[in-house]
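What follows is one structure encoded as structure tokens, with my remarks underneath.
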Amino acid sequence: MKYLCAFVITLGRADLRAFVITLGRAGEDGKTFVLRDTESTFAGFAGADYNLQDSLSLATNIEKVKVTVNETDFYQFDIDSPNFRYLSSVAVKDGKVFALFVRCPARQFAAQEVDLRHMIETFRLV
Numbered sequence: 000m001k002y003l004c005a006f007v008i009t010l011g012r013a014d015l016r017a018f019v020i021t022l023g024r025a026g027e028d029g030k031t032f033v034l035r036d037t038e039s040t041f042a043g044f045a046g047a048d049y050n051l052q053d054s055l056s057l058a059t060n061i062e063k064v065k066v067t068v069n070e071t072d073f074y075q076f077d078i079d080s081p082n083f084r085y086l087s088s089v090a091v092k093d094g095k096v097f098a099l100f101v102r103c104p105a106r107q108f109a110a111q112e113v114d115l116r117h118m119i120e121t122f123r124l125v
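Sequence positions in the sequence shown follow numbering that gives the first Met the number 0 and run 0 to 125.
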């Protein structure tokens with residue numbers, strides 16, 4: 000059994016958002032998440048956001064980079080699609096998956112890019 004928690008912040012406009020999703024195992028079975036297939040894990044988050052589903056299927060470019068900070072691996076994704084640009088950082092800590100997503104309309108991304116990338120690059124788990 001798994002549980003999901005999401006928190007959404009609208010950044011001044013309804014189409015410019017930042018949201019965090021956490022996914023953990025419920026119960027006391029002692030099992031934890033391990034990121035073996037980051038693309039499948041990332042695609043699993045898309046089930047909760049039809050705009051992200053569309054962006055993944057229409058993407059002209061998807062980039063992924065692994066960054067290690069304080070012994071925690073963060074998988075950063077950049078999804079470039081005609082409607083929205085998504086940036087995301089996904090990591091596991093204490094057996095739970097944490098993912099930060101920022102979404103911006105593609106036509107506004109250049110003007111917002113520095114701030115949005117800063118949000119992703121400074122995402123940490125304490």
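Backbone N, C-alpha and C define an ideal beta-carbon position, used for all residues, glycine too.
Segment limits, alpha helix (DSSP H) that includes residue i
i: phenylalanine 44; result: 37-44
i: glutamine 75; result: Per DSSP, glutamine 75 belongs to no alpha helix (DSSP H); it is in the beta strand (DSSP E), 71-79.
i: alanine 109; result: 108-120
Residue i, enclosing beta strand (DSSP E) - first and last residue
i: serine 56; result: From DSSP, serine 56 is part of no beta strand (DSSP E) but of the alpha helix (DSSP H) over 49-57.
i: alanine 126; result: The structure shown has nothing for residue 126, since the chain only spans 0 to 125.
i: alanine 98; result: 95-104
Residue i in three-state terms, based on DSSP
i: valine 125; result: coil
i: tyrosine 2; result: With a pLDDT of 41 at tyrosine 2, under the threshold of 50, the modelled position of this residue cannot be trusted; read the value that follows with caution. Tyrosine 2 falls in the strand class under three-state DSSP.
Whole-Å CB distance - residue i paired with residue j, under 8 Å assumed
i: leucine 55; j: phenylalanine 97; result: Wrong, their Cβ atoms sit about 20 Å apart, outside the cutoff.
i: valine 101; j: alanine 17; result: 5 Å
C-beta atoms of residue i and residue j nearer than 8 Å
i: phenylalanine 108; j: phenylalanine 73; result: no
i: phenylalanine 76; j: lysine 65; result: no
i: lysine 95; j: leucine 15; result: no
i: isoleucine 78; j: leucine 99; result: no
Proximity test, Cβ basis, 8 Å: residue i and chain B
i: leucine 55; result: Given the protein chain composition of this structure (a single chain), no chain B is represented.
The ligand HEM heavy atom lying under 7 Å from the CB of residue i
i: threonine 59; result: The ligand HEM is absent from the structure shown, which contains no ligands of any kind.
Any chance the stretch 48-61 sits against the stretch 79-98, with 3 or more Cβ pairs inside 8 Å? yes
Is there contact here, the stretch 36-44 with the stretch 83-100, by at least three beta-carbon pairs under 8 Å? yes
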